[in-house]
Amino acid sequence: MNNKELCTVQPVNANLKVLSIDPKDIQAAMFWLVLLGAIVICLHEYTRHLTRRTRGMVSHLPTYKCLPFIGNMYKFFGDGQNAFHCLEDLTNIMEERGQPFVLWIGQCCFIVLSDPEEARMVTNNFLEKPYFYNFARLWLSDGLVTAPVPIWKHNVKKLVVAFSGSMVDDFLPIFNDQSQKLQMKLEAELNCEPFDLLEKYLAYTTLETVCQTALGEHDVTKTIVTKEYYAAFNGILELIFSRALNIFLHPEAVYRLTPGFKKFKRCVSVVQNVSDAILKKRRKEMEEAKTSKISDATTKENGEVKFKTFLDILLQMSETDHTLTEQHIKAEIDTIILAGQETIATAINYIFLMLGCKPDVQQKLYKEIKEVFGESKRPVLKEDLSRLTYCEAVIYETLRLFPPVPGVLRQADRDFKLKSCIVPKGATCCINIWGSGHSTHIWGSDALQYKPERWLDPNVASMGATALLTFSTGKRACIGKRYAVALMKTVLVHSMREYEFVSEADKMELKIDIALRPVSGHLLQVRSRSGVK
Numbered sequence: 020m021n022n023k024e025l026c027t028v029q030p031v032n033a034n035l036k037v038l039s040i041d042p043k044d045i046q047a048a049m050f051w052l053v054l055l056g057a058i059v060i061c062l063h064e065y066t067r068h069l070t071r072r073t074r075g076m077v078s079h080l081p082t083y084k085c086l087p088f089i090g091n092m093y094k095f096f097g098d099g100q101n102a103f104h105c106l107e108d109l110t111n112i113m114e115e116r117g118q119p120f121v122l123w124i125g126q127c128c129f130i131v132l133s134d135p136e137e138a139r140m141v142t143n144n145f146l147e148k149p150y151f152y153n154f155a156r157l158w159l160s161d162g163l164v165t166a167p168v169p170i171w172k173h174n175v176k177k178l179v180v181a182f183s184g185s186m187v188d189d190f191l192p193i194f195n196d197q198s199q200k201l202q203m204k205l206e207a208e209l210n211c212e213p214f215d216l217l218e219k220y221l222a223y224t225t226l227e228t229v230c231q232t233a234l235g236e237h238d239v240t241k242t243i244v245t246k247e248y249y250a251a252f253n254g255i256l257e258l259i260f261s262r263a264l265n266i267f268l269h270p271e272a273v274y275r276l277t278p279g280f281k282k283f284k285r286c287v288s289v290v291q292n293v294s295d296a297i298l299k300k301r302r303k304e305m306e307e308a309k310t311s312k313i314s315d316a317t318t319k320e321n322g323e324v325k326f327k328t329f330l331d332i333l334l335q336m337s338e339t340d341h342t343l344t345e346q347h348i349k350a351e352i353d354t355i356i357l358a359g360q361e362t363i364a365t366a367i368n369y370i371f372l373m374l375g376c377k378p379d380v381q382q383k384l385y386k387e388i389k390e391v392f393g394e395s396k397r398p399v400l401k402e403d404l405s406r407l408t409y410c411e412a413v414i415y416e417t418l419r420l421f422p423p424v425p426g427v428l429r430q431a432d433r434d435f436k437l438k439s440c441i442v443p444k445g446a447t448c449c450i451n452i453w454g455s456g457h458s459t460h461i462w463g464s465d466a467l468q469y470k471p472e473r474w475l476d477p478n479v480a481s482m483g484a485t486a487l488l489t490f491s492t493g494k495r496a497c498i499g500k501r502y503a504v505a506l507m508k509t510v511l512v513h514s515m516r517e518y519e520f521v522s523e524a525d526k527m528e529l530k531i532d533i534a535l536r537p538v539s540g541h542l543l544q545v546r547s548r549s550g551v552k
């Protein structure tokens, strides 16, 4: 192309008409814009009027700047890492001010508390859970975690028996068996590259354990412990949390129109198909036991007690309680898998990671295990559990700093006076479990240090029994605490007497996706205690 061609100007097509806008159209557009603006302003003022009393009652508490309609929700836009950084930030403000923190999610008031005494008062007086739990009810229906108070009260008294001290003792053979299987799997990792213990082994180990002890399902490798099931299970949790972080997806009618809801339904279908199969199989086994007049709950087989499982209790309840439907029983199956597998696996993972970056703590724990078991590789027995005091200290210290569930919510149905504020009727109380575990007001100036020895001090141990909020607190606290601690001790004994662990957990980065999970600095290395095998 030459310069003459570059300088050529093409004539304007005479047939093209110049765009013209009728002044009346401009006036109409301006009218609708002004009307829309007026409606938005009126709605904003109306919603503020509805919350004026609540705002006045919490005006002395620290909060973030609020935006119209969404409140402080803009702080949580993003992924789970951003949500964790927000948790850290508001926890630091609470620690500095020594007061609860207020969050406005839309026009809903959330009062964030970390004081254990106030947390206990709230959870004992308010049993109902807020609408956020409805996001999970599409999956868990009226299971123990999500059930309205009347249904929860009706069921919990009978179901708590499934995790009593005597029942946990009966579970020890399964705990030992699964812990030994995990220990054998770890042999493949000896002196290899760092790996993700949670994703590769722990999630499946705890899933198998929960299914065997709570559901009586022993052949789980083909039905539950599959990659498809685990992916669907994690997919549900991620979708629930991503919806919680997006205020525009909170209305049910809106969420059902999104691709996320379609994916949610697919994941729930995979998980519930498994629950359905477990339920049908166990119901058939119980019917066959009745026909042959065998008591499958109390008889002994091969010297081992056949205990009554969580699912057995549910099925027996359903025979006389017709409100306990098939759907509800399946929801309880999914609830117990969620509560047992997800939280316990996450907790054990943090314990190994902290031991890996604290060789002095790891050595003390190994020394205690040697004192209790000597050179024997025998199973953990009931009487061993109470002797593993430093092991218990390691567990509690890890759970203090790394709670698998960083917070729980309760709905206030009336004004309620705490020592720091008055909780207004209609507000949601958020128990900041993470913040409580990191508070110098509660644990002293060394609160951020990992020191299992603090739990060996009788004063701290007695205080910690109520100050540690990891298992929640109050009337709707976790019913599986004994179960979880016994399983953790058993896993640690079997693995620690064979291997040393190395990690860089002091550089760990975290995120929230229902549970508190690591995203970096969470890889583990395994070394033999008796040299390279």
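When you read off a place in the sequence shown, starting at 1, and then add 19, the result is the number in the numbering used here. Cβ atoms here follow ideal geometry from the backbone N, Cα and C, with glycine treated the same way. Predicted model, so just to flag it, every value in this text is computed and none were measured.
Same chain only: Cβ atoms within 6 Å of residue i, ignoring 5 sequence neighbours per side
{"i": "Val-514", "result": "What sits at residue 514 in the sequence shown is Ser, not Val. For Ser-514, where only same-chain residues beyond five positions count, the Cβ hits under 6 Å are Gln-202."}
{"i": "Glu-257", "result": "Asp-532"}
{"i": "Ile-498", "result": "Val-179, Phe-182"}
{"i": "Gly-162", "result": "Ala-350, Glu-351, Thr-354"}
{"i": "Ser-549", "result": "none"}
{"i": "Thr-70", "result": "Gln-126"}
Distance, residue j Cα to residue i Cα
{"i": "Gly-322", "j": "Pro-192", "result": "Confidence at Gly-322 is low in this model, with a pLDDT of 42, below 50, so the placement of that residue should be treated as unreliable; the coordinate-derived value is given next. Answer to the nearest angstrom: the Cα atoms are 11 Å apart."}
{"i": "Leu-487", "j": "Val-479", "result": "11 Å"}
{"i": "Val-53", "j": "Leu-216", "result": "59 Å"}
{"i": "Ala-484", "j": "Arg-72", "result": "37 Å"}
{"i": "Ser-346", "j": "Pro-87", "result": "Looking at the sequence itself, residue 346 is Gln, so the reference to Ser does not match. Cα to Cα, the separation comes out at about 40 Å."}
{"i": "Asn-1", "j": "Asp-434", "result": "Absent from the structure is residue 1, since the part of the chain shown begins at 20 and ends at 552."}
{"i": "Pro-213", "j": "Gln-381", "result": "18 Å"}
{"i": "Ala-47", "j": "Ile-60", "result": "20 Å"}
{"i": "Val-324", "j": "Thr-509", "result": "Bear in mind that a pLDDT of 45 at Val-324, under 50, signals an unreliable position, so the model cannot answer this."}
{"i": "Ile-452", "j": "Leu-535", "result": "11 Å"}
{"i": "Pro-398", "j": "Lys-436", "result": "50 Å"}
{"i": "Arg-116", "j": "Lys-148", "result": "27 Å"}
{"i": "Ile-89", "j": "Asp-44", "result": "33 Å"}
Exposure label - residue i; buried when at least 16 CB within 10 Å
{"i": "Phe-50", "result": "exposed"}
{"i": "His-460", "result": "exposed"}
{"i": "Tyr-150", "result": "exposed"}
{"i": "Tyr-248", "result": "buried"}
{"i": "Tyr-469", "result": "buried"}
{"i": "Thr-342", "result": "exposed"}
{"i": "Pro-378", "result": "exposed"}
{"i": "Asp-331", "result": "buried"}
{"i": "Lys-396", "result": "exposed"}
{"i": "Ala-33", "result": "Below a pLDDT of 50, predicted positions are generally treated as unreliable, and Ala-33, at 49, falls in that range; no measurement from the model is reported."}
{"i": "Arg-3", "result": "As shown, the chain starts at 20 and ends at 552. That puts residue 3 outside it, with no answer to give."}
{"i": "Lys-177", "result": "exposed"}
{"i": "Lys-438", "result": "exposed"}
Residues that DSSP places opposite residue i in a beta bridge
{"i": "Trp-123", "result": "Cys-128"}
{"i": "Gly-426", "result": "Asn-451"}
{"i": "Ser-514", "result": "DSSP, once it has assigned bridges, lists no residue as partnering Ser-514."}
{"i": "Pro-42", "result": "The partner list for Pro-42 (beta bridge, DSSP) is empty, contrary to what the question assumes."}
{"i": "Ile-441", "result": "Lys-436"}
{"i": "Thr-82", "result": "Val-121"}
{"i": "Val-180", "result": "Val-180 is not bridged to any residue."}
{"i": "Arg-546", "result": "Glu-519"}
{"i": "Val-50", "result": "It is Phe, not Val, that sits at residue 50 in the sequence shown. DSSP lists no partner for Phe-50."}
{"i": "Leu-216", "result": "Leu-216 is not bridged to any residue."}
{"i": "Leu-209", "result": "Val-545"}
Residues of its chain near residue i, where Cβ-Cβ distance is below 8 Å and the 5 sequence neighbours each way are ignored
{"i": "Arg-302", "result": "Leu-334"}
{"i": "Cys-440", "result": "Met-76, Val-77, His-79, Leu-80, Gln-118, Pro-119, Ile-130"}
{"i": "Ser-547", "result": "Leu-209, Asn-210, Glu-517, Tyr-518, Glu-519"}
CB contact below 9 Å: residue i versus chain B
{"i": "Arg-429", "result": "Given the protein chain composition of this structure (a single chain), no chain B is represented."}
Residues near residue i by beta carbon distance below 7 Å, same chain, minus five either side
{"i": "Gln-197", "result": "Thr-224, Glu-227, Thr-228"}
{"i": "Gly-540", "result": "Glu-523, Ala-524, Lys-526, Met-527, Glu-528"}
{"i": "Cys-376", "result": "Ser-522, Glu-523, Ala-524, Asp-525"}
{"i": "Gly-445", "result": "Thr-73, Ala-431"}
What residue ranges within the region 489 to 535 form continuous alpha helix (DSSP H) runs of no fewer than 4 residues, ordered along the chain? 500 to 515
Beta strand (DSSP E) runs contained entirely in the region 90 to 160, provided each spans 3 or more residues: 120 to 124, 127 to 132
For a minimum of 4 consecutive residues, which ranges assigned as the alpha helix (DSSP H) are wholly contained in the region 224 to 297? 246 to 263, 271 to 274
List in chain order: all unbroken alpha helix (DSSP H) runs of 4+ residues lying wholly within the region 347 to 430. 362 to 376, 378 to 392, 401 to 406, 408 to 420
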